[in-house]
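Just so you know, the protein sequences line up as chains U and P, in that order.
When we follow numbering that gives the first Met the number 0, the leftmost residue of the first sequence carries the number 0, and every step to the right adds one.
When we follow numbering that gives the first Met the number 0, the leftmost residue of the second sequence carries the number 0, and every step to the right adds one.
Glycine residues also receive a C-beta, built at the ideal position from the N, C-alpha and C atoms.
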Amino acid sequence: MTVALLDVQGITKRFGGLTAVNSVSFSVEKGAILSVIGPNGAGKSTLFKLISSFVVPTSGRVSFDGQTITGLPAHEVARRGVVRTFQETTIFKEMTALQNVIVAHQLRSRASSFGVYFSSVTARADEERFRKSASEILDYLGLGAVKQMVARNLPHGHLRALGIAVAMAAEPKVLLLDEPFSGMNIEETEAAVKLVRGIRDRGVTVVLVEHDMSAVMRISDRIVVLNFGTKIAEGTPLEVQQNEAVIGAYLGQADEEVGH
Amino acid sequence: MGIEVEQGAVRAGRVGASSGSENGGLTRGQKFQFALLVLALFVAVPILLGHSPYFITVLTNAAILSFISLGVWITFSIGRMNLAQGAFALVGGYASAILATRYGVSFWLCLPLSGLVSSALGALIGWPVLRLKGVYFAMTTLSLTEAIRLLALNGGDLTKGATGIVNIPRPGAIKIFGLTIVPEFNGADPLPFYFLACVLLVLGLVGVWRLSTSRLGWVFRSLRQNEDLATSIGINVAKYRVIAFAVCCFMGGIGGAFFSVFHQNIYPATYTIADSVNFMLYCFLGGLSYIFGPVVGAFLLVIAFELLHAVQDYQALIYGVLMIVCMLWLPNGILSLGLRHVSKGKG
Numbered sequence: 000m001t002v003a004l005l006d007v008q009g010i011t012k013r014f015g016g017l018t019a020v021n022s023v024s025f026s027v028e029k030g031a032i033l034s035v036i037g038p039n040g041a042g043k044s045t046l047f048k049l050i051s052s053f054v055v056p057t058s059g060r061v062s063f064d065g066q067t068i069t070g071l072p073a074h075e076v077a078r079r080g081v082v083r084t085f086q087e088t089t090i091f092k093e094m095t096a097l098q099n100v101i102v103a104h105q106l107r108s109r110a111s112s113f114g115v116y117f118s119s120v121t122a123r124a125d126e127e128r129f130r131k132s133a134s135e136i137l138d139y140l141g142l143g144a145v146k147q148m149v150a151r152n153l154p155h156g157h158l159r160a161l162g163i164a165v166a167m168a169a170e171p172k173v174l175l176l177d178e179p180f181s182g183m184n185i186e187e188t189e190a191a192v193k194l195v196r197g198i199r200d201r202g203v204t205v206v207l208v209e210h211d212m213s214a215v216m217r218i219s220d221r222i223v224v225l226n227f228g229t230k231i232a233e234g235t236p237l238e239v240q241q242n243e244a245v246i247g248a249y250l251g252q253a254d255e256e257v258g259h
Numbered sequence: 000m001g002i003e004v005e006q007g008a009v010r011a012g013r014v015g016a017s018s019g020s021e022n023g024g025l026t027r028g029q030k031f032q033f034a035l036l037v038l039a040l041f042v043a044v045p046i047l048l049g050h051s052p053y054f055i056t057v058l059t060n061a062a063i064l065s066f067i068s069l070g071v072w073i074t075f076s077i078g079r080m081n082l083a084q085g086a087f088a089l090v091g092g093y094a095s096a097i098l099a100t101r102y103g104v105s106f107w108l109c110l111p112l113s114g115l116v117s118s119a120l121g122a123l124i125g126w127p128v129l130r131l132k133g134v135y136f137a138m139t140t141l142s143l144t145e146a147i148r149l150l151a152l153n154g155g156d157l158t159k160g161a162t163g164i165v166n167i168p169r170p171g172a173i174k175i176f177g178l179t180i181v182p183e184f185n186g187a188d189p190l191p192f193y194f195l196a197c198v199l200l201v202l203g204l205v206g207v208w209r210l211s212t213s214r215l216g217w218v219f220r221s222l223r224q225n226e227d228l229a230t231s232i233g234i235n236v237a238k239y240r241v242i243a244f245a246v247c248c249f250m251g252g253i254g255g256a257f258f259s260v261f262h263q264n265i266y267p268a269t270y271t272i273a274d275s276v277n278f279m280l281y282c283f284l285g286g287l288s289y290i291f292g293p294v295v296g297a298f299l300l301v302i303a304f305e306l307l308h309a310v311q312d313y314q315a316l317i318y319g320v321l322m323i324v325c326m327l328w329l330p331n332g333i334l335s336l337g338l339r340h341v342s343k344g345k346g
C-alpha cells in the first residue's frame, strides 16, 4: 500500500446559496496521475482552487504529505509543493519564454531581497542556477527554439506548454493541471499526453481536470467523477466507464465522450 | 482610468523586454544616456546657468520632482496607479520639519529619517490598500492625499495647523575631523541646493535602475502581468507589493523633506491632490516604459510652465489637455519618439 501524498477530506464550498463543491473526498498516491472529470459546472475548477488554496473552503480540509494545507496562503501552498496551472493560457505575456520560467524559480531563491538588490554572491549563484534550470525545462517541453521570444507572440500550443514550464519551475511535488488538453487537435493532444506522462515519470504526482475523455481514459491511473459538486464515482478508467451513475450524468452526451 | 492602467501595464513591460542584458547590467546606449545626464546636470548647467539663481531654482525643483515621480514609476511597475505620492511627500516634509525645529536634528539626518517615516507609514497603509486594483486603488490613494492633508491641518501643536511650520533651518556644514566636506548652505546662493538635488536624482536613478533590472524588478513585473500566476509559483504577492510601495513612499518622503528645507517652510497645502496627479502625469508624459520617463516628464513640464508664466492660471487645464493628447498620440510617452529604434533593437 502506497502512501497518499495528497488527501482531500470532505471539502465543501458554498457561494451564497450555491454549493459548488459538496463534501468531496479522495486521495492521490505518490507518483499517480489522477483525473477529475464531470460535466460543465460540476465544480471541478472550484475543487482545484480549493486544493491550491486560491479559495478558502467552507468546511473540510486538504492535507499534503501528512500536513494540513487548508487555510495557508496560496503562495505558501505552492512553496510546499502543490502547484497549479490555469485553464486559459495564463503566462507573463510581456516577458520572454525564458524570463517567464526564470521568474518562476523565485521561490528557490536562497538570497534575500537585499542580496538580490545588491547582487550578492548567493544571488548571482541563484540566477546562474535558475537560468540553467529554466533552459532545461524549456528544452524538455520542446520550447528550446523560442526561448527568447516574447510570450505574447508565441503560438497557442506553445503557450500551453509554457504555462506548464512555469509551473514546473516551481518544482512541484503535486502538479494540478487545469484542462491541459482543451482546444488541442489529436496530434497536439497526443504530444501533451506524452508530456504529462513524462512529468509523472520525473517523480511529480499529477492531478488534472479535463473534458477530453479519450485522453483522460488513456492517461489516468484513477478518475474522480463530479456532478453538481458531488463525487458520484471514483476508480480506474475501466471502472468509471462502466459505472451507471457516470453514464447517467453524461447521458445525452454521445458515448464517444466517455471514451468508447 | 482602469483601462489606462492596463495599457500602462503593457507599455511598462517594455522595460522588461528590452532592459538589455538580462543579468541587470546596462547596455552601452543606457550607459551613454546616463553619462550624458550626469554631465548635463553637474557640468553644463552650472556653467551655463550658474549666474541665474532663478533658473537654478527651477531646475532644482524639476530634479526633486523627478526624484519623487520615480517612486510613482515603481508603483506603476507593479501595476498600480498611485495617487498618494503627494501625501507621502507631505509626511516626509513634516517629519523633517518637526525633527529639525523641535529636536534640532541635523538636516543630514532628517533627510533619511523622513524617508524612513514615510516608507513605514506607506507599508502600514499599503498592506491593506494594495489589495485593491485599477481604478479602486487610484481612488483610494487619491483620498489618502486629501486625508493626510487634513491630518496635517488638524495636527494641533505638532503640525501647527494652517500656519504650518516655518523657519526650518538650512542644512549645516558636514565636517569630518575638522575638515569641511560640505559647506554650510546659505540663503543667497541656490547652487548648493541644486547640487544636492542632482546628487539625490542621480542616486535615485541608479537605485531604481538597479531595482528594475534586478530579479526584484522581474518579480514586480510578474505581479503587474498576472498576480494569480505569480501566487501560483510561490511568490508572496502581498510582500512584494508592499516592498515596491514602501520604496515609492521612501522617495516621496525624501523629496518632501528636501523641499521643506529648500523653502524653509511646510504647510498642509504644500502637497495637494493636484501634486499627486502631477507626479503620475510626469511618468505618463515621459513614458512608463522608460526609467528616464518621469525625469523627462518632470523637467519638460516644470520648465515649460516656468517659461509660460502668463498661462499659469490655466495650468490645470493645459495639463489636462496635454494628458489627453499624450494618451491619444503618444501612448508610450515622449521618450517613445526618440528611443523607438533603440527599444526595437534590443527587444
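Excluding sequence positions up to five before and after residue 41 (chain P), its CB lies within less than 8 Å of the CB of 194 and 197, all in the same chain and listed in chain order. Within 10 angstroms of the beta-carbon of residue 179 (chain P) lie fewer than 16 other beta-carbons, which makes it exposed. Under the Cβ criterion of 8 Å, residue 230 (chain P) is counted among the residues facing chain U. Chain P has no Cβ within less than 8 Å of the Cβ of residue 216 (chain U). Close to residue 74 (chain U), with beta-carbon spacing below 7 Å, are these residues of chain P in chain order: 230, 233, 234, 235 and 236. The beta-carbon of residue 225 (chain P) is placed less than 8 Å from the nearest beta-carbon of chain U.
The shortest CA-to-CA distance from residue 115 (chain P) to any of P:73, P:244 and P:212 is the one to P:244. Secondary structure at residue 90 (chain U): coil, using DSSP grouped into helix, strand and coil. Contact of residue 124 (chain U) with chain P is not assigned, every C-beta pair being separated by 8 Å or more. Only those residues of the region 199 to 226 of chain P whose C-beta falls short of 8 Å from the nearest C-beta of chain U are listed: 209, 210, 213, 214, 215, 217, 218, 220, 221, 224 and 225. Residue-level contact by beta carbon holds for residue 242 (chain P) and chain U, with a gap shorter than 8 Å. Residue environment for residue 88 (chain P): buried (at least 16 other C-beta atoms within 10 angstroms of its C-beta). The beta carbon of residue 205 (chain U) is closer than 7 Å to those of 32, 174, 176, 195, 198 and 199 in its chain, skipping five residues each way along the sequence. With fewer than 16 other Cβ atoms inside 10 Å of its own Cβ, residue 185 (chain P) counts as exposed. Along the length of the region 221 to 279 of chain P, whole alpha helix (DSSP H) runs at least 4 residues long occupy 226 to 231 and 236 to 261, reported in chain order. Three or more beta-carbon pairs separated by less than 8 Å link the region 249 to 266 of chain P to the region 58 to 78 of chain P, which places the two stretches in contact. Only residues of its own chain outside the window of five on either side were considered, and among them 286 have a CB closer than 6 Å to the CB of residue 335 (chain P), listed in chain order. Setting aside the 5 residues that flank it on each side, residue 131 (chain U) has no residue in the same chain whose C-beta is closer than 6 Å to its C-beta. By the 16-neighbour rule on beta-carbons within 10 angstroms, residue 235 (chain U) is exposed. Taken in chain order, the complete alpha helix (DSSP H) segments of 4 or more residues contained in the region 14 to 84 of chain P are 27 to 38, 44 to 48 and 52 to 76. In the assembly as shown, residue 291 (chain P) is a buried residue. Its beta-carbon has 16 or more other beta-carbons within 10 Å. Cβ atoms of residue 212 (chain P) and residue 167 (chain P) stay farther apart than 8 Å, at about 37 Å. Under a 10 Å Cβ-count criterion, residue 107 (chain P) is classified as exposed, with fewer than 16 other Cβ atoms of the shown protein chains found around its own Cβ.
Cβ-Cβ distances below 6 Å link residue 104 (chain P) to 98 in the same chain, with the five nearest sequence neighbours on each side left out; the list follows chain order. Under the DSSP assignment, residue 106 (chain U) falls outside any alpha helix (DSSP H); it carries neither an H nor an E label. Classified as exposed, residue 326 (chain P) has fewer than 16 neighbouring CB atoms from the shown chains inside 10 Å of its CB.
Within the same chain, and ignoring the five residues on either side of residue 111 (chain P) in sequence, the residues whose Cβ sits closer than 8 Å to its Cβ are 253. In this structure, residue 169 (chain U) lies near residue 106 (chain U), with their beta-carbon atoms less than 8 Å apart.
For the region 105 to 117 of chain U, residues whose beta-carbon sits nearer than 9 Å to a beta-carbon of chain P comprise 105, 106, 107, 108, 110, 112, 115, 116 and 117. Counting along the chain, residue 145 (chain U) sits inside no beta strand (DSSP E), nor does DSSP assign it H or E at all.
Listed in chain order, the positions of the region 79 to 95 of chain U with a beta carbon within less than 8 Å of a beta carbon of chain P are 82, 83, 84, 85, 89, 90, 91, 92, 93, 94 and 95.
Shown here for residue 219 (chain P): same chain residues with a beta carbon closer than 6 Å to its own, the five before and five after excluded, namely 76, 77 and 243 in chain order. Straight-line measurement puts the Cα of residue 52 (chain U) at about 29 Å from the Cα of residue 128 (chain U). Our two residues, residue 144 (chain P) and residue 85 (chain P), have alpha carbons roughly 6 Å apart in a direct line. Across the structure, residue 241 (chain P) and residue 74 (chain P) are spaced so that their CA atoms are roughly 10 Å apart.
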